[in-house]
Each structure stands twice: as structure tokens, then as C-alpha cells.
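Read top to bottom, the protein sequences are chains B and P.
Using the working numbering, you'd call the opening residue of the first sequence number 1323 and step up by one each time.
Using the working numbering, you'd call the opening residue of the second sequence number 220 and step up by one each time.
Note that the Cβ used here is the ideal one computed from N, Cα and C, for glycine as well.
Step one of this worksheet: look at the structure below.
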Amino acid sequence: MTASAVARAAPHRRFGLSRLAWREARWAYVFLAPWIIGFLAFTLIPMIATFIFTLTNINLNQAEPLRFVGLDNYARLLGDQQTWESFTVTLKFAAVALPVAVILPFMVALLLSSRYLRFAGAFRVLFFLPYVVPFVAGVLIWLSMLNGDSGWLNLFLQAIGVSNPPNWLQDPNFVYAGLVLVGIWGIGGGVIVYLAGLKGVPTELYDAARIDGAGWWASLRHVTIPMISPVIFYTLILGIVDLLQYFLVPLVLYQGTGEPGGTTNFLNLYIYKSFFNYQDMSYGATLAWFLFGVTLAITLVLFGTARRWVYYAGER
Amino acid sequence: MAAPNRSADASRLTVGEPGLLARLRGQSRPRVRPKAVRNAGRSFAMTFVAVVALAAFLSPLLRSATMSLKSPEQIADVNSPLYPASAATLTYEGRDYDVYQVPIAGTTRDLALIKKGRTSSQFADPSDVAAPLITWEGAWRTLQPAYKFDPHPENFSNVWDQIDYPTLLRNTILIALIGTIGTVLSCTLVAYGFARFRFPGRNVLFLLVIATIFLPGAVTIIPTYTIFNKIGWVGTWLPLLVPAFFANAYDVFLLRQYLLTIPREMDEAASIDGAGPFRTLVSVILPQAWPVVIAVAIFHLVYSWNDFFQPLIYLSSTPDLQTVAVGLARFSGARVASDPGLIQAGTLMTLAIPVLLFLVFQRFFVRGIVITGVEK
């Protein structure tokens, strides 16, 4: 019976799908069409074109005839000190900013989810509010807040006895701390994601931990953190991807000059300057693919380590 | 943990006589009370920490607000208080005199310094000019000047005129609204396709959707910009609007995750009744999915309002078509040293609308972020 049913269905399936399945698939592609067209037009084809650029000598400032140069641009990249300096700058800033981007929202979420906190709803709304402040507005507000002479941060530091507080955004030694502060209003999204994660931790686990004699720290360490590790992982991945592309804040603050002392010559800034200032399309494209490769490599390595420390409750 | 113990106590109490009950209650009070006190203490401590953290977190906003009401002279005056204020003066017998905070008879009074002296000076009381001058023993140079509240709300109207804010506002609103329509339409269709249909390559395609979130914009910007330039779109809104009609990964993901939670029974009932897929989407799915559709609309409105880089590169040659974010950056770049009060006024005007949108729709906002962040 079943064998003959399969045999009867088989001729239709030889073309891939039964007629019903084919009709369903056709509808699916109709609905997906906007994304497929958009993906081809605005992502895949431009990506390939960018890659082809890396093999050529397109430079709008030079009248050299267009030709294929093979891997010359990549060889130039490897020997370009500016690339490695800007890459170092990017990694250094990421090393300062990433822990803040991952841990600070977690701490705020812990505070906001505490059962001892009164008016928790109002606090949540207010802690999230700066997240919707336009990027340029946020930068200008923090620029004024961090002013070396009249900024409130330094007035506060002076009031509590710091005699010579730094000029945050103009001092090469403190500029990364200053930029982290400029970006601090962006933690709202992370806070909400962490809050939702914390809400999903079964309370039985905390009860069990308490019976086993676990205090606040032990239950945080052995229950909360493992249970919300997927959220930590998500925040970490998005944080790295964002930080590798970081350049807009320095672009607005220093007009892309790299001040103070070259500490804000980020890799992505170098890419955009190659495009829009130097008009060296091929080399900029090569740098862009380098950034893409680095992002991909780091993301893949992290996904590789995830099995060891990220706990998915639904996983068998 | 404590609850079972207490109920055990209570069950024992029921057997006892009133005297024992009263005694036990008296005993139990010191056991229960400290816990309530401890909880109240913890509540107070936790709430206090939250208030301090929030005050620090939002203080830049307050600073911006105070600066937006200050004149350049008020900002330059290092002694002036944090709120917008000018040095107080008194017109006395036709001339202006500075007002100082003078400690007299155990209190501090704001008095106008009329006759300066090395060891003693004479002051007039602004509230009673006709009274005889008050003599104060001491060096007037040690006195603090008195300030009076003196806001400059005209900063806002000045920015409004100087950067042609009405035009920027109109541009920003139009770009945001058209883009939002495109995003909601296209992302709903695509998410519906992913959530409700089986087809070859579904997993691969969905993986590609997610992968585009991680793709650095730098690898696509140049060919895209070049093409837009070739077809004459640079200097128009089209590069900002047209892509919105072709769906984006974040919002497709958000909508799809939500659609997956809607039971299929009603779609199936609709299709048995002869409704096609479009009909099912409009009359069955959308009525159930509106919270997340609103979330996507708000996300895109705020995203579009706050976007800086795209309007910057595509509209740099056409100031009349620019958005508030670009206009503000241009204005601040030109005016940083001269008038910080104006810049902060412009900044507050720029953030007012997204902040209001958020406050009105915060429920949808929060739910949208939760769906994208937690459901993997």
C-alpha cells in the first residue's frame, strides 16, 4: 500500500516538488521577492563589484587606464603601515569598549530586575530613553558634558577632590574612555535584552541554589550567568561587529582628522577616507574586504567557542 | 524559605490559650519585624542606587537643557551657577551697581555695592532702595556676586531660523514616513513568506537574511553609491527611500519571529474558505500581528530620524533636502566655539520627537527589542 503510494507520487517528485508543494513554493518566492531583489541589488551584487574593484586600479584622482592588477592591492595592504595602525586603533578601542558594552547593560539590568527596586517600570523607561536620542545629538551633548574646563564630569571630579581631571576627548591617554562615555547612551537596547533574559530564568533554580547555601554572588555566578549566556553571546557578537565598524563618532567629533594624536584613525574611517577623500576606489574596496574578512573570522571563531560556554535550554 | 516556618508557628498558635498567643506574638514580632525592616532597608538602598545611577546617566541631558537657555556671556562666566543666570545689578540713583551676597547678622542678604572700601563698604538693599545705605565691615572683594535667574529661550527660535529648521523638519518627517511605509509593507510580506510557507532553500535564505546584519556597510557602499550617482539619484531622497521598500534583515527577523508564534489554525480555516495567501495575510495574520507591526514602524521612524551617515553622503550637495541630523552636524561644525547655547538648543529640538515617540509607544518598543534579542 504505502510502497505503491510512494511509487505513484514519485513521478511528480522527480521534478523536485509535488504540484502542491510547487504552488506553495511559488507563493513563498512571491512574498520573498522584495527581499531577494533588495539583497541582489543592494548587497550581493555590490559586494561582488567591490571584490572586483579590489583586483583593479580604479582611482578617480588618476587618469591611469583601467586594468586588472591581480593581488597588487592586497600586497599594498599588507605593506601599508596606515592600515595596521588603524587596525590597531580599532582593536585597542574595542578592547576598552567591548567589556563596557557587554557588562554595563547586564549590571543595569540586574539593578532594574531586583525585587527590592521600587518604581522599576519608571526606571526602565528612563534608562532606555537615551537610546532613541539621535546619534549626532548624543555626540554633541556628551562633547559638552566632557568639556575639560566646564563639563559637568570634570566639575564633579574637582568637587570630590580630583585636582587635575583630564580633558577627556582631547587627551590621547583618555580619549578612549571619553569615547566610551559618548557611546554609553546606546546601552538601552542591551539592557532590555538582558532584562528579558533575566526574566526567563526559572525561579526554581534560584530556590534550589539557595537551599544549597548559595549567596547572591554564587547564584549569580552559577545560575544567572549560565542561564543567560545566549544573551551575553548575542550582545558580545553584535558589540564586536559594531566596534569593528566604529568611526562615525570620531568623524563628527574630529571631522575625520584622527585627533588627538592619531588615536581616532579607525580602520573604517580609513576606508571611508579612501573612498570619499582620496577617491582610491580599488584600495578602499580592498580595505573594506579586509574588514569584512576580519569580522567574519572573529564571528566564526566566537560561534565556534559558543558550544563550550553558551547554554541553550532547548538544546538536547 | 521563611514562609513555611511562619505558617508552622501559626498552626501551633491555634492550639494555645490567649495568653500564650499574646506571648508568642510578642516573641514573633522581633523575628518578623527585622525582616520587614531589612527588606525596607534593601528597597531603600536599591532604589537609592538606581536614582543615583539614573541621575548620572541623564545628567548630560540636564546640562544640555540648562546650556540651551544660556547666552554666550552666561556660558563664558566661570562663576555663574549651573542654571541660566546673569549677575544681578541694581539701578540706584541712575547708575547700575553689582549685587553681592553679604553675610550680615547671621544671614546672607543680596545687597548692591554702592561705595567700595578696603575694610568697610556701603550697600543698598534692592528690596528697599529708599532706606539708608547699610554699612558692612569687611573686604568686599571676598564677597560672592549674586545671580538672578535669566533664561534665554530665544536660542530656540534663533536656531529655528538660522538652520531653516522647518525645511529640515519637513524633510526628515517625509523621509521617515515614506521609508516606514516601505519597510512595513516589504518586511511584512517577506516575514510572512518565511513564517508560513515551505520551499526549497528556506533555511539558506533565512541564514542569508541574518548574515546581512553582520555585513560591514563598507563592502557595499561604493558600487551602490556609484550606481545611484550614475542614474542621477545622488542629491535626491531616492537612495534613502527606495531600499526601504526592499525589506531589511532586522525587521524581517522581528516580524517572522512574531508570526511564528501565531497559531496556524486560523490561516488554515481561511484557506479552506477559499482565501488566497494575500487575503489570509491581510485579514487573518495582520489583525493578530499589529503589536509587532507597530514596533517595526516605530523602529524605522526612529532609525530614519536618527540616521546620519546615509543622508550625509547622499544629500551633502543639496542642503535644502537634508535632514535634521545632518543640519545639526553642519550647524555645530560651524558654530562650536561661538555659541554652545544655540547648539544645545538645536540638539534638544532634534531629540524631542524621537523621545516623545518613544515615551508614547514604549510598550511596543520594548517588546520589539525583546523579540529580536532573546528568541535567538
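Within its chain, find whatever has a CB closer than 8 Å to the CB of Gln381(P); leave out the 5 residues flanking it on each side and keep chain order. Within the second sequence, numbered from 1, the residue matching residue 381(P) stands at position 162. These residues qualify, in order along the chain: Phe550, Leu561.
Leu309(P) bridges to which residues according to DSSP? Taking the second sequence and counting its residues from 1, the one referred to as residue 309(P) is at position 90. The secondary-structure analysis by DSSP pairs Leu309(P) across a beta bridge with Tyr316(P).
The beta strand (DSSP E) enclosing Trp355(P), as first and last residue numbers: To locate residue 355(P), count along the second sequence from 1; it is residue 136. For Trp355(P), the enclosing beta strand (DSSP E) has its first and last residue at 353–356.
Three-state secondary structure (DSSP) at Val1523(B)? To locate residue 1523(B), count along the first sequence from 1; it is residue 201. Residue state, collapsed to three classes: coil.
Using 8 Å as the Cβ pair cut-off and three pairs as the minimum, do the region 540–548 of chain P and the region 560–578 of chain P touch? By the C-beta criterion, the region 540–548 of chain P is judged to be in contact with the region 560–578 of chain P, since at least 3 inter-stretch pairs fall below 8 Å.
Report the rounded CA-to-CA distance for Ile532(P) versus Phe433(P), giving the unit in angstroms. Start at 1 with the first residue of the second sequence, and residue 532(P) comes out as number 313. Start at 1 with the first residue of the second sequence, and residue 433(P) comes out as number 214. Taking the straight line joining both Cα atoms gives about 22 Å.
In three-state terms, what does DSSP make of Ala1423(B)? Residue 1423(B) sits at position 101 when you count from the first residue of the first sequence. If DSSP states are grouped into helix, strand and coil, Ala1423(B) belongs with the helices.
Leu277(P) CB to nearest chain B CB: under 8 Å? Indexing the second sequence from 1 puts residue 277(P) at position 58. Answer yes: the Cβ-Cβ gap between Leu277(P) and chain B drops below 8 Å somewhere.
In whole angstroms, what is the alpha-carbon distance linking Thr399(P) and Ala514(P)? As a working note, residue 399(P) is residue 180 in the second sequence. As a working note, residue 514(P) is residue 295 in the second sequence. Cα-Cα distance, rounded: 11 Å.
Could you please give the first and the last residue of the uninterrupted beta strand (DSSP E) stretch that includes Lys334(P)? Reading the second sequence from its first residue, position 115 is the one you call residue 334(P). For Lys334(P), the enclosing beta strand (DSSP E) begins and ends at 326–334.
With distances taken Cα to Cα, identify the nearest neighbour of Tyr302(P) among Arg483(P), Thr338(P), Ala350(P), His371(P). For this step, residue 302(P) is matched to residue 83 along the second sequence. Checking every option, the nearest Cα to that of Tyr302(P) belongs to His371(P).
Spell out a yes or no on whether the region 327–346 of chain P and the region 281–301 of chain P are touching, meaning 3 or more CB-CB pairs, one atom from each, closer than 8 Å. The region 327–346 of chain P, when compared against the region 281–301 of chain P, does not touch it at the 8 Å Cβ threshold.
For Pro482(P), would you say it is in contact with chain B, using Cβ-to-Cβ distances shorter than 8 Å as the test? The sequence position of residue 482(P) within the second sequence is 263, counting from 1. For Pro482(P), the answer is no, since every Cβ of chain B falls outside 8 Å of its Cβ.
Quick one, are the C-beta atoms of Ser536(P) and Ile394(P) less than 8 Å apart? What you label residue 536(P) is simply residue 317 of the second sequence in a count that begins at 1. What you label residue 394(P) is simply residue 175 of the second sequence in a count that begins at 1. Result no, Cβ atoms of Ser536(P) and Ile394(P) do not sit closer than 8 Å.
Around the C-beta of Ser1435(B), are 16 or more other C-beta atoms found within 10 angstroms, so that it is buried, or is it exposed? As a working note, residue 1435(B) is residue 113 in the first sequence. Buried, because 16 or more other Cβ atoms sit within 10 Å of the Cβ of Ser1435(B).
Please state if the CB of Phe1353(B) and the CB of Gly401(P) are separated by a distance shorter than 8 Å. What you label residue 401(P) is simply residue 182 of the second sequence in a count that begins at 1. What you label residue 1353(B) is simply residue 31 of the first sequence in a count that begins at 1. In this structure, Phe1353(B) does not lie closer than 8 Å to Gly401(P) by Cβ.
For Arg1316(B), decide whether its Cβ has a neighbour in chain P, counting only Cβ atoms nearer than 8 Å. Residue 1316(B) lies beyond the range of chain B shown here (1323 to 1638); nothing can be said about it.
So what does DSSP say about Gln563(P), is it helix, strand or coil? Along the second sequence, one-based indexing puts residue 563(P) at 344. Gln563(P) falls in the helix class under three-state DSSP.
Less than 8 Å between the beta carbons of Val1504(B) and Val1553(B), yes or no? One-based indexing of the first sequence puts residue 1504(B) at position 182. One-based indexing of the first sequence puts residue 1553(B) at position 231. Contact flag unset, no.
Alpha-carbon to alpha-carbon, Tyr316(P) and Gln529(P): As a working mapping, residue 529(P) is identified with position 310 in the second sequence. As a working mapping, residue 316(P) is identified with position 97 in the second sequence. Put simply, the backbone Cα of Gln529(P) is about 54 Å away from that of Tyr316(P).
For the region 1456–1478 of chain B, enumerate the residues whose C-beta is nearer than 7 Å to any C-beta of chain P, in chain order. Under the 7 Å Cβ criterion, the region 1456–1478 of chain B contributes Pro1456, Phe1457, Val1458, Ala1459, Leu1462, Ile1463, Trp1464, Ser1466, Met1467, Trp1474.
Closest to Ala430(P) by C-alpha separation, out of Leu1560(B), Gly1443(B), Arg1398(B), would be which residue? The sequence position of residue 430(P) within the second sequence is 211, counting from 1. Out of Leu1560(B), Gly1443(B), Arg1398(B), Leu1560(B) has the C-alpha closest to the C-alpha of Ala430(P).
Among Glu312(P), Ser339(P), Leu362(P), whose alpha-carbon lies nearest the alpha-carbon of Ala350(P)? Reading the second sequence from its first residue, position 131 is the one you call residue 350(P). When only C-alpha atoms are compared, the closest one is Glu312(P).
Where Val428(P) and Gly1508(B) are concerned, what is the direct C-alpha to C-alpha distance, given to the nearest angstrom? For this step, residue 428(P) is matched to residue 209 along the second sequence. For this step, residue 1508(B) is matched to residue 186 along the first sequence. Answer to the nearest angstrom: the Cα atoms are 24 Å apart.
Counting along the chain, where does the alpha helix (DSSP H) carrying Gln529(P) start and finish? Sequence index remark: in the second sequence, residue 529(P) carries index 310 (1-based). Unbroken alpha helix (DSSP H) run through Gln529(P): 528–534.
Does Val1515(B) have its Cβ less than 8 Å from a Cβ in chain P? Looking up residue 1515(B) in the first sequence gives position 193. At least one beta carbon of chain P lies nearer than 8 Å to the beta carbon of Val1515(B).
Using only the alpha-carbon positions, how far apart do Ala414(P) and Gly454(P) sit? Counting from 1 along the second sequence, the entry for residue 414(P) is found at position 195. Counting from 1 along the second sequence, the entry for residue 454(P) is found at position 235. Whole-angstrom Cα-Cα distance: 38 Å.
Quick one: give me the first and last residue of the alpha helix (DSSP H) that Tyr1633(B) is part of. Taking the first residue of the first sequence as 1, we reach residue 1633(B) at position 311. Taken as a continuous stretch (DSSP letters only), Tyr1633(B) belongs to no alpha helix (DSSP H), as it is neither H nor E.
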